[in-house]
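Take the sequence shown: its letter number 50 is residue 1307 in the numbering used here, and every next letter is one higher. Just so you know, even glycine gets a beta-carbon here, dropped at the ideal spot from N, CA and C. Okay, structure first, notes after.
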Amino acid sequence: TRVVTDGNWTTRTGPIAYSDLLMGEGYDAREALAGWDQPGAPTDGWDRVVASPLDSQPAALNWPLGPPIRVLQTLPVIELTEPAPGRWTFDLGQNMV
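Written as structure tokens, this is what we have:
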């Protein structure tokens, strides 16, 4: 399988700072960009990617081994605190991992 593109492919930092099966996900809503995935969306502030030539060594595409991640339960917030300005802690009443 080959993933190909032309010189118009661009990239931008998004709201997901990290994503880990055990540590969860770090999400910064200030970085969210509404409509970024729609045709004709503005690309101001986006960077062009560097594409490898077709005859270069292909990169390996890997996927996680194991069952897919699915929503199994929605928990209510027991307590919501703001330990520092703009930083929130959601207590869901149980350990999540």
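- For arginine 1305, the secondary structure class from DSSP, reduced to helix, strand or coil, is strand.
- Going by C-alpha positions, arginine 1344 is about 25 Å away from glycine 1292.
- Annotation: the continuous beta strand (DSSP E) that includes alanine 1341 extends over 1336 to 1341.
- If the five residues before and after tyrosine 1284 are omitted, its C-beta is found closer than 8 Å to the C-beta atoms of Pro1272, Ile1273 and Ala1274, all from its own chain and listed in chain order.
- Going by C-alpha positions, valine 1306 is about 29 Å away from methionine 1280.
- Taking a C-beta distance under 8 Å as the contact criterion, aspartate 1312 and threonine 1268 do not qualify as a contact pair.
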